[in-house]
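Taking it in order: structure first as structure tokens, then the write-up.
2 protein chains.
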Amino acid sequence: MENKHIKNESITGRDVDFAKWYTDVCRKAELMDYSSVKGFIIYRPYGYAIWEQIQNYLNRKFKQTGHQNVYMPLVIPESLFNKEKEHVEGFAPETLIATQGGKEKLEERLIIRPTSEVLFCEHYAKIVSSYRDLPKKYNQWCSVIRWEKTTRPFLRGAEFLWQEGHTVHASEYEARQETLQILEIYRLLGEELLAIPFLTGRKTDKEKFAGAMETYGIEALMHDGKSLQSGTSHYFGTGFAEAFNIKFQDRDNILKPVHQTSWGVSTRLIGSIIMVHGDDNGLVLPPHVAPIQIIIVPIQMSKPGVLESARLLKDELAKAGFRVELDDSDQTPGWKFAEYEMKGVPLRLELGPRDIENNVLVAASRNDRSKVTINRPDVVNTASQLLETIQTSMLEKARQHLHQHIIEVHNIDELLSAVETGYAKAMWCGERACEDLIKERSSATSRVMPFDQLSFQETCSICGKKAKKVIYFAKAY
Amino acid sequence: MENKHIKNESITGRDVDFAKWYTDVCRKAELMDYSSVKGFIIYRPYGYAIWEQIQNYLNRKFKQTGHQNVYMPLVIPESLFNKEKEHVEGFAPETLIATQGGKEKLEERLIIRPTSEVLFCEHYAKIVSSYRDLPKKYNQWCSVIRWEKTTRPFLRGAEFLWQEGHTVHASEYEARQETLQILEIYRLLGEELLAIPFLTGRKTDKEKFAGAMETYGIEALMHDGKSLQSGTSHYFGTGFAEAFNIKFQDRDNILKPVHQTSWGVSTRLIGSIIMVHGDDNGLVLPPHVAPIQIIIVPIQMSKPGVLESARLLKDELAKAGFRVELDDSDQTPGWKFAEYEMKGVPLRLELGPRDIENNVLVAASRNDRSKVTINRPDVVNTASQLLETIQTSMLEKARQHLHQHIIEVHNIDELLSAVETGYAKAMWCGERACEDLIKERSSATSRVMPFDQLSFQETCSICGKKAKKVIYFAKAY
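Protein chains in written order, with numbering that gives the first Met the number 0: chain A, 0 to 476; chain B, 0 to 476.
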């Protein structure tokens, strides 16, 4: 446990100053720390362990769907980076560039990867030549660099951790299926692991990724009513294939360009978890993603038998597969309660001399702060049920919050009002001018066009022309 | 499977040109590929999967011994990097430096991390202030950059993957214990996972790490008689703690500097595996580290029932926990045999119509190319036994090779002769001049001083003065 002696300070109220509350939680729950270079954060053990849970979940899903992990170079020669025009325009303003190697100036400047499309393209051009080589479905876990001016822990940084998948396929159909399959995996990640109900759908041309034909996204509603783009999945068509000459001889002997996708989620997901579930006492973690699911706090620890019982309890729970810890440090129980509330540990088990005598334990749930007395012999079953209940009710609560903050809007005033508290569900003519107008008047942007396109009026909620699409607008991080 | 149509070419003989054989195996077993920047390689799925096996093993061991994973920034401000003098002198000639961010020249140059000691030090200085905060035992998995002129896949590169552990402790004793505990974990990694018997011991002052008080290493003997340093563990004393002001209030209320360690292994281990076990047919992987432990090759695949039987076999083995694949592509069985021999898959199971009729399978071991017929109903048990036998005999063979190539030397001529084929086990006076002399005359260097210091003569094998240490010399990669 970190820094015990300086912890247990209170944090800014969530509804007093949400931004300050957020950074307080990031630091006091010991998820991260700042380094001496602006925008580069340190992922502390507790924050990194959340990321490892996400990695484990996704690696399992990616493997089940035939993906393979690889590792590409950290650097991209400037000339290679410049090969696909739209793509380079999207990224060039925010790259970090190396110019010196050892004592010498480099012959060619090297971009520290902001994303690795061009590296995958160059490799695929070398290893793909026949339909037999397809598909190639590669993923990599790494950090990327974006030279951002304004940074916030996990949300926007000069460096962040992510996975980036890059796949090439023989047909457009297959590539489009891949794009959507990944989006579904991301949606399930929210539902099954993070207890976050993502809004999913397609991005408008204005909001899509540099170089993509289509971008799909997962969006989460934060406690303050803003939306956080938490992952994207892109269909590239054959644009990169043409630029990088990734072609294959098909069964019909004709040379064709591959159809390509890319997709990624990042440590931004940690920001989502904090801002969807956290409260005035700190972080609240869904049990499935929590590095510590159960914390055992002994009461009157110096009394004979208490520590021994606590250790037996820990061993039993660890053996049953729970991620469990026992805090046998010399801090008071009250201090420990506050400590693990701040860290959002889903379930706390307390046991003291009287509990041991009565063969019971006190179980406290972090999410709703409820307490129940449970029978010691049933602890494995009961803890399992409690954790599942917590997971389910956290998802349910987030879902209710989401649905309460989606407002169907029929005109621009309703839209501008709705984005103050959550999503405006609008009808849209499809013109960029309408998106630009909203952005001018409220800083809100279009988030996604959902798959469920159930029209609720015939005219665009913004300009009044004929509507083509259901679309969500929100202020976004 | 990659590039089927261009595979199955023969490789250079191992004893014809070992260096060329090595790069042939790296590429034809599809472990890696070159990128367009010299020294930066692509870790292809099969190579990366070996690294993931190593990661899994070490993460388990690190966790069992109370270590926690973190992630530190990719960049180090030049002024911070320059804070510990010996350390910076060791690394400065081979750093990659970023000077440009977005459109602007950086105010301070940023070193792309060659190792992260100074970052951990800066962080520890912030979070450690009391004996209660100690020990801190952190590890990180990442890539590092060394601006090397001469590069070889996995052995020496501008970028490689590694883990770097950095720990701080309240006492010298505890820090020294940590250094040795990690060395033992590395030794076990060799013995249990890689089937490599590492020579372990302490490095001389000449060969130790920049800034360390003591460096311990694991060395492996390659097929060509050269030694490969495969991992190191350092005790730093309080040097970094003084330079970075990492101090803690001890139980006696006195402010003291922490005692520090660092340690790491890298993707160089993949080079060890290749050069210890590989043969003229390609890679040979020990079962415990092999991404594919069993490959099923159906014979006369078009005959009714063959593919179905092969699939049932695969499912049964996968369910039993083996890493198993079935190659049902339209290549010939002969092609497939060569393919998976090149990739070093430990066990091949063949089944054709007659085998199915007789309720048997043919099992071929990659390491000694032996074949046995096994009963289909016993396949799970038999495969398990065969894989364990392969693992054990690979370790045994490597151990014999090692012992046959350690020669006790009594004078400089014997030493110079011994290092042509393996290790010279020498007595040494402890003077650097003797190391320098050997280096001048043969390019060999001292590797380690083993823990078992059983003296075999009283005088230094090099200069004839009084001997102080048993030491191994070898030519090294």
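Backbone N, C-alpha and C define an ideal beta-carbon position, used for all residues, glycine too.
Discussion item. Counting only beta-carbon separations shorter than 8 Å, does A:H4 have a partner in chain B?
Written reply: Taking the first residue of the first sequence as 1, we reach residue 4 of chain A at position 5. With a pLDDT of 42 at A:H4, under the threshold of 50, the predicted position of this residue should be treated as unreliable, though the coordinate-derived value follows. Taking Cβ atoms only, chain B reaches closer than 8 Å to A:H4, which makes this a yes.
Worksheet item: Under 8 Å, do B:L198 and B:V469 count as touching if we go by C-beta distance?
Response: Within the second sequence, residue 198 of chain B is the residue found at index 199, counting from 1. Within the second sequence, residue 469 of chain B is the residue found at index 470, counting from 1. No, these two residues do not count as a Cβ contact at 8 Å.
Practice prompt. For my contact list, B:L193 and B:L268 are in at a C-beta cut-off of 8 Å; report their separation, rounded to the angstrom.
Written response: Reading the second sequence from its first residue, position 194 is the one you call residue 193 of chain B. Reading the second sequence from its first residue, position 269 is the one you call residue 268 of chain B. Correct: roughly 7 Å between the Cβ atoms.
Item to complete: Rounded to whole angstroms, what's the CA-CA distance from B:G12 to B:V275? Just pull it up for me.
Response: By one-based count along the second sequence, residue 12 of chain B stands at place 13. By one-based count along the second sequence, residue 275 of chain B stands at place 276. Their backbone Cα atoms lie some 15 Å apart in a straight line.
Worksheet item: How many whole angstroms separate the CB atoms of A:E158 and A:S142, which I take to be in contact at a CB cut-off of 8 Å?
Response: Counting from one through the first sequence, the residue named residue 158 of chain A turns up at place 159. Counting from one through the first sequence, the residue named residue 142 of chain A turns up at place 143. Indeed, because the Cβ distance is near 5 Å, the residues count as touching under 8 Å.
Practice prompt. Could you check the C-alpha separation between A:K27 and B:Q54 for me, to the nearest Å?
Written response: Here residue 27 of chain A refers to the residue found at position 28 of the first sequence. Here residue 54 of chain B refers to the residue found at position 55 of the second sequence. Going by the C-alpha atoms only, they are around 30 Å apart.
Practice prompt. Might you give, ordered along the chain, the residues of its own chain that have their beta carbon closer than 8 Å to the beta carbon of A:K19, omitting 5 neighbours on each side?
Written response: Working through the first sequence from its first residue, we reach residue 19 of chain A at position 20. Cβ neighbours of A:K19 beyond the five flanking positions: T11.
Practice prompt. State yes or no: is the beta carbon of B:I470 nearer than 8 Å to at least one beta carbon in chain A?
Written response: The residue you call residue 470 of chain B lines up with position 471 of the second sequence. Chain A contact via Cβ: absent.
Fill in: Whole-angstrom distance between B:K136 and B:R527, CA atom to CA atom
With chain B covering only 0 through 476, there is no way to say anything about residue 527 of chain B.
Discussion item. Between B:V288 and chain A, is the shortest Cβ-Cβ distance under 8 Å, so that the two count as touching?
Written reply: Taking the first residue of the second sequence as position 1, residue 288 of chain B is located at position 289. At least 8 Å separates the CB of B:V288 from every CB of chain A.
Worksheet item: Do A:L311 and A:P297 come within 8 Å of each other at the CB atom, strictly closer than that value?
Response: Sequence index remark: in the first sequence, residue 297 of chain A carries index 298 (1-based). Sequence index remark: in the first sequence, residue 311 of chain A carries index 312 (1-based). No; because the gap between Cβ atoms is not below 8 Å, this pair is not in contact.
Worksheet item: Whose Cβ in chain A lies nearer than 8 Å to the Cβ of B:K125?
Response: Position 126 of the second sequence, counted from the first residue, corresponds to residue 125 of chain B. In chain order: D32.
Discussion item. Can you find the residues in the same chain that come closer than 6 Å, C-beta to C-beta, to A:N138, ignoring five residues on each side of it along the sequence?
Written reply: Looking up residue 138 of chain A in the first sequence gives position 139. Counting only Cβ-Cβ distances below 6 Å, and skipping sequence neighbours, we find F61, H66, N68, Q162 and G164.
Discussion item. At the level of alpha carbons, what is the spacing between A:I355 and A:S369?
Written reply: On the first sequence, position 356 is the one that residue 355 of chain A refers to. On the first sequence, position 370 is the one that residue 369 of chain A refers to. C-alpha separation (whole angstroms): 21 Å.
Discussion item. Is the separation between the beta-carbon of A:F477 and that of A:T266 shorter than 8 Å?
Written reply: What is shown of chain A runs 0 to 476, which leaves residue 477 of chain A out entirely.
Item to complete: Report the residue from B:E419, B:E177 and B:S460 whose alpha carbon sits nearest the alpha carbon of B:S226.
Response: Along the second sequence, one-based indexing puts residue 226 of chain B at 227. Considering only alpha carbons, the answer is B:E419.
Worksheet entry | Buried or exposed by the 16-neighbour rule on C-beta atoms within 10 Å, applied to B:A48 | Locating residue 48 of chain B in the second sequence gives position 49, counting from the first residue. B:A48 is buried by the Cβ-count criterion.
Worksheet item: Okay, do the segment 394 to 414 of chain B and the segment 422 to 434 of chain B touch, 3+ Cβ pairs below 8 Å being the bar?
Response: They touch, by the three-pair rule.
Item to complete: Just tell me which of B:A432, B:C462 and B:K255 has its CA closest to the CA of B:N410.
Response: If you number the second sequence from 1, residue 410 of chain B lands on position 411. With distances taken between Cα atoms, B:N410 lies closest to B:C462.
Worksheet item: Alpha carbon to alpha carbon, how far is B:P345 from A:S261?
Response: Reading the second sequence from its first residue, position 346 is the one you call residue 345 of chain B. Reading the first sequence from its first residue, position 262 is the one you call residue 261 of chain A. Each residue's Cα considered, the two are about 34 Å apart.
Worksheet item: Where B:A397 and B:F321 are concerned, what is the direct C-alpha to C-alpha distance, given to the nearest angstrom?
Response: Against the second sequence, residue 397 of chain B aligns to sequence position 398. Against the second sequence, residue 321 of chain B aligns to sequence position 322. Rounded to the nearest angstrom, the two C-alpha atoms are 24 Å apart.
Fill in: B:A91 versus B:M212 - alpha carbon distance
For the purposes of this step, residue 91 of chain B is taken as residue 92 along the second sequence, with counting starting at 1. For the purposes of this step, residue 212 of chain B is taken as residue 213 along the second sequence, with counting starting at 1. Roughly 20 Å separates the two Cα atoms.
Item to complete: Run down chain A in chain order and give the residues with a C-beta less than 9 Å from the C-beta of B:A425.
Response: Residue mapping note: residue 425 of chain B aligns to position 426 of the second sequence, counting from 1. Correct list: empty, because the minimum Cβ distance to chain A is about 34 Å.
Worksheet item: For A:E163, which residues does DSSP report across the bridge?
Response: If you number the first sequence from 1, residue 163 of chain A lands on position 164. A:E163 pairs with A:Q139 and A:G263.
Item to complete: Can you have a look at A:I294 and say buried or exposed, based on whether 16 or more other CB atoms are within 10 angstroms of its CB?
Response: Position 295 of the first sequence, counted from the start, is the residue given in the question as residue 294 of chain A. A:I294 comes out buried.
Worksheet entry | Classification of A:K104 by the beta-carbon crowding that lies within 10 angstroms, buried from 16 upward | For the purposes of this step, residue 104 of chain A is taken as the residue at position 105 of the first sequence. By the 10 Å Cβ count, A:K104 comes out exposed.
Worksheet item: Would DSSP call A:R398 helix, strand or coil?
Response: Here residue 398 of chain A corresponds to residue number 399 of the first sequence, with the count starting at 1. Correct three-state label for A:R398: helix.
Practice prompt. Pick helix, strand or coil for A:Q292, following the three-state DSSP scheme.
Written response: The sequence position of residue 292 of chain A within the first sequence is 293, counting from 1. Coil at A:Q292, not helix or strand.
Worksheet entry | Interface residues of chain B facing A:R43 [CB-CB closer than 8 Å] | If you number the first sequence from 1, residue 43 of chain A lands on position 44. Chain B residues near A:R43: V69.
Practice prompt. Decide yes or no for the touch test of the segment 125 to 133 of chain B against the segment 177 to 191 of chain A: beta carbon pairs closer than 8 Å, at least 3 of them.
Written response: Output reads no: the segment 177 to 191 of chain A does not touch the segment 125 to 133 of chain B.
Worksheet item: Which first and last residues belong to the beta strand (DSSP E) in which A:T98 is found?
Response: On the first sequence, position 99 is the one that residue 98 of chain A refers to. Its beta strand (DSSP E) spans residues L95 to G100.
Practice prompt. Give me the Cα-Cα distance between A:F235 and A:G210, rounded to the nearest whole angstrom.
Written response: In the first sequence, counting from the first residue as 1, residue 235 of chain A sits at position 236. In the first sequence, counting from the first residue as 1, residue 210 of chain A sits at position 211. For A:F235 and A:G210, the gap between their C-alpha atoms comes out near 7 Å.
Discussion item. Here's the rule: buried if 16 or more other CB atoms are within 10 angstroms of the residue's CB, otherwise exposed. What is A:T214?
Written reply: For the purposes of this step, residue 214 of chain A is identified with residue 215 of the first sequence, where counting begins at 1. Buried is the call here.
Worksheet item: Does the Cβ of A:V288 have 16 or more other Cβ atoms within 10 Å, making it buried, or fewer, making it exposed?
Response: Translated into the one-based positions of the first sequence, residue 288 of chain A becomes position 289. Counting Cβ neighbours within 10 Å, A:V288 comes out buried, since at least 16 surround it.
Worksheet entry | Alpha carbon of A:Y33 to alpha carbon of A:E218, nearest angstrom | As a first step, residue 33 of chain A is located in the first sequence; it is residue number 34 there, counting from the start. As a first step, residue 218 of chain A is located in the first sequence; it is residue number 219 there, counting from the start. Going from the Cα of A:Y33 to the Cα of A:E218 covers about 27 Å.
Item to complete: Compare the beta carbon distance of B:S442 and B:K474 with 8 Å and say whether it is the shorter of the two.
Response: Taking the second sequence and counting its residues from 1, one reaches residue 442 of chain B at position 443. Taking the second sequence and counting its residues from 1, one reaches residue 474 of chain B at position 475. Yes, Cβ-Cβ distance for B:S442 and B:K474 is below 8 Å.
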